[in-house]
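Undergrad: Listed in order, the protein sequences are those of chains A and B.
Following the numbering used here, the numbering of the first sequence begins with 85 at its first residue and continues without gaps.
Following the numbering used here, the numbering of the second sequence begins with 963 at its first residue and continues without gaps.
We treat Cβ as the ideally placed atom computed from N, Cα and C, and that holds for glycine.
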Amino acid sequence: MFAEVLAALSKGFLVTLELFGITLVGAIPCGLLICLGSMSKIKPLKAVLRFIIWVIRGTPLMLQLLIIYYGPGLILGSNWWGSGEHGRFIATIVAFIINYACYFSEIFRGGIQAIPVGQQEAGAVLGMTKSQIFFKITLMQVIKRIVPPMSNEIITLVKDTSLSRIIALQELIWAGQAFMKSAGIIWPLFFTGVYYLVFSGILTVVLGKIEKKLDYFKV
Amino acid sequence: MAILEVKNLQKKFGDLTVLKGVDFSLEKGQTLAVIGASGGGKTTLLRCLNFLEIPTKGQIFVNGKLIFDADDERTLTEKEIRQNRLNFGLVFQNFNLFPQYTAFQNIALAPKLLAKEKPEFAGKKKAIYDEIDKKSLEILNRVGLSDKKDFYPHQLSGGQQQRVAIARALVLSPSVLFFDEPTSALDPELTGEVLKVIKQLAEEEMTMVIVTHEMQFAREVADHVLFMDEGIIAEKGSPEEIFTNPKNARTKAFLGRYES
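Right under this line is the structure:
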């Protein structure tokens, strides 16, 4: 029995892991674009992006997931996502990337705006170009500032992946819960907690190491 | 010929006119002290001369050559402004050292980036970088900090940070070095070491413009003193004239606050 549970949970965890990885890889560049747009001098662009960020951060991810997955079919009458597990996975990825990109963009914005303008000015009077100032001076300081809040979000993402259970994506929680129905046992569901704990534990150590690496200077 | 000449420099921020037409010139090797109450336009003047603000009107000449004219678009391009900045160095009130670099790296960074743009860089990278390293160390030595070479800014005192900042500006060999209240952010016991470095530069005939509230220091180190008030130069003269025998009523009132 244990081997069977382990196999099923590991299969579910693989989906969780994929969801986690793809969301992270997608949301970081999208977040950067949203961030640059939300600080843009083009007022309408800025307003639209700020509005989207407000909506996304102000409503539950679970609701966003439901709307993105069921919305097209129920409102527009066409299921964009295709049927079955693949469709659910794509819809989940889209919902997660949008949601996390908005959170990341605000972290990036905070990190960039926290750099004193004197840093850029010091670079400018030394004859540096705008791109030299960004890459040689600002970037490292921004990274140092955003690592702690990004770590928090990344750990939260590990656990947020379980929200995709609501549209029956066959991730870790779904795999654990399946045993309640099929075998009438609850311990596999509890056991999923071990997967989350170990995974977030590893991430905490890795992210802590990165933070420590940047300890040599203060901003 | 004057190394720096400023003609009718004006700066408006919206409806507020901060500089109402400033004219002065500076000979090579001279030190000019700029004094005056806060809000009189001293800092804006320095920021305009380093193009951190673009003057609304006026002209700037270096060694007789017009480098900036607010009415001439060609002197306003980003490329041109970047080039013009290299005539000058600026030392900020709050140092603005780059926190992720050591004292030495802070100094060597800009010259290395500039060297990359030179056509002869490709084949001689190592020789050029070695030369810059050597020069950076010499200058660090000149401000008395060779033993702090590998220290990060947060490991240095305010006075030491400001001396690194001075070295960072010097390494590019600017024609004129500007100081914006270089000791205002320092604890009183740390101002001495910074003033000493500036005094030493004055003796070495570095051309400098120093905005300062240290009247005693201005008197000792400056060849000329400008008193700025409400966006104009209200009075200029030798330190002797300004400090012992000011003619302008506002100069008198301002200096009166520093006595007793």
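Please report how far the alpha carbon of B/A964 lies from the alpha carbon of A/Y184, in whole angstroms.
TA: Each residue's Cα considered, the two are about 59 Å apart.
Undergrad: Under 8 Å Cβ-Cβ, which residues of chain A neighbour B/F1054?
TA: Those are G202, E205 and A206, listed as they occur along chain A.
Undergrad: So if DSSP puts B/I997 in a beta bridge, which residue, or which two residues, is it bridged to?
TA: In the DSSP output, where bridge partners are listed per residue, B/I997 has B/F1189.
Undergrad: Drop a sphere of 10 angstroms on the beta-carbon of B/F1030, count the other beta-carbons inside from all chains shown, and report buried for 16 or more, exposed for fewer.
TA: Under this definition B/F1030 is a buried residue.
Undergrad: In terms of alpha-carbon separation, which member of A/L256, A/R229 and A/A206 lies closest to A/V242?
TA: For A/V242, the nearest C-alpha among the options comes from A/L256.
Undergrad: Does any residue of chain B have a CB that is nearer than 9 Å to the CB of A/T213?
TA: Yes, its Cβ sits closer than 9 Å to a Cβ of chain B.
Undergrad: Does A/V303 get closer than 9 Å to chain B when you measure Cβ to Cβ?
TA: Yes, A/V303 lies at the interface with chain B (some Cβ there is under 9 Å from its Cβ).
Undergrad: Please tell me whether B/F1140 and B/V1024 are closer than 9 Å, where the distance is taken between their beta carbons.
TA: Going by C-beta atoms, B/F1140 is not nearer than 9 Å to B/V1024.
Undergrad: For chain A, find out if any of its Cβ atoms is closer than 9 Å to the Cβ of B/L1188; answer yes or no.
TA: No, its Cβ sits nowhere closer than 9 Å to a Cβ of chain A.
Undergrad: Take A/V132 and list the residues in its own chain whose beta-carbon comes closer than 7 Å to its own, dropping the five residues that flank it on each side.
TA: Correct list: empty, nothing qualifies.
Undergrad: B/Y1114 CB to nearest chain A CB: under 9 Å?
TA: Yes, its Cβ sits closer than 9 Å to a Cβ of chain A.
Undergrad: Which residues bound the beta strand (DSSP E) around B/K969?
TA: Start and end: L966 to F975.
Undergrad: When you compare only the Cα positions, how much space is there between B/R990 and B/S1137?
TA: It should be noted that the sequence gives Lys, not Arg, for residue 990 of chain B. Approximately 8 Å, taken between the alpha carbons.
Undergrad: Please check the pair A/L101 and A/F275, which I expect to be a contact at CB under 8 Å, by giving their CB distance rounded to whole angstroms.
TA: Contact flag wrong, Cβ pair sits at about 17 Å.
Undergrad: Hey, is B/P1061's beta-carbon within less than 9 Å of any beta-carbon in chain A?
TA: Yes, because at least one Cβ of chain A sits closer than 9 Å to the Cβ of B/P1061.
Undergrad: Assign A/V278 to one of two classes, buried (16 or more other C-beta atoms within 10 Å of its C-beta) or exposed (fewer than that).
TA: Looking at its Cβ environment, which holds fewer than 16 other Cβ atoms inside 10 Å, A/V278 is exposed.
Undergrad: Using the beta-carbon count (16 or more within 10 Å), is B/H1186 buried or exposed?
TA: It is buried - the Cβ of B/H1186 has at least 16 other Cβ atoms within 10 Å.
Undergrad: Out of B/N1207, B/E1221, B/G1218 and B/E1176, point me to the one whose CA is closest to B/A1223's CA.
TA: The structure shown has nothing for residue 1223 of chain B, since chain B only spans 963 to 1222.
Undergrad: According to the neighbour-count rule (16 or more other Cβ atoms, all chains shown, within 10 Å of its Cβ), is A/G168 buried or exposed?
TA: When all chains shown are included, A/G168 counts as exposed.
Undergrad: I'd like to know whether the C-beta of B/L1148 is nearer than 9 Å to at least one C-beta of chain A.
TA: No, no contact with chain A.
Undergrad: Tell me whether B/L1038 sits in a helix, a strand or coil according to DSSP, three-state version.
TA: Looking at B/L1038 - three-state DSSP - the assignment turns out to be coil, as it is neither helix nor strand.
Undergrad: Starting from the N-terminal side, write out each stretch of the alpha helix (DSSP H) that is 4 residues or longer and does not extend beyond the segment 202-246 of chain A.
TA: Those alpha helix (DSSP H) runs which fall completely within the segment 202-246 of chain A and span 4+ residues are 223-244.
Undergrad: State yes or no: is the beta carbon of A/Q216 nearer than 9 Å to at least one beta carbon in chain B?
TA: With 9 Å as the cut-off, A/Q216 counts as an interface residue toward chain B.
Undergrad: Beta carbons nearer than 7 Å to chain B: which residues of the segment 223-242 of chain A have them?
TA: Cβ contacts with chain B come from M224 and Q225.
Undergrad: Indicate whether B/Q1021 and B/L971 have their beta-carbon atoms separated by less than 9 Å.
TA: The answer is yes: Cβ separation under 9 Å.
Undergrad: Does the segment 148-158 of chain A come within contact of the segment 186-203 of chain A, defined as at least 3 CB pairs closer than 8 Å?
TA: They do not touch, by the three-pair rule.
Undergrad: Identify whether B/D985 lies in helix, strand or coil by the three-state DSSP scheme.
TA: In this structure, B/D985 counts as strand in the three-state DSSP scheme.
Undergrad: Taking the Cβ atom as the reference point for each residue, do A/I199 and A/I106 lie within a distance shorter than 9 Å?
TA: For A/I199 and A/I106, no; Cβs fall outside 9 Å.
Undergrad: With distance defined between alpha-carbon atoms, name the residue in A/T213, A/M234 and A/Q204 nearest to B/K1078.
TA: Checked all of A/T213, A/M234 and A/Q204; the closest Cα to B/K1078 is A/T213.
Undergrad: Can you name the start and end residues of the beta strand (DSSP E) that B/A1196 belongs to?
TA: From DSSP, the beta strand (DSSP E) with B/A1196 extends over I1194 to G1199.
Undergrad: Got a sec, what are the start and stop residues for the alpha helix (DSSP H) B/Q1124 sits in?
TA: Its alpha helix (DSSP H) spans residues G1120 to L1132.
Undergrad: Which term fits B/Y1114, buried or exposed, when burial requires 16 or more other beta carbons within 10 angstroms of its beta carbon?
TA: Buried is the call here.
Undergrad: Step through the CB atoms of chain A and report whether any lies within less than 9 Å of the CB of B/G1051.
TA: Closer than 9 Å: yes.
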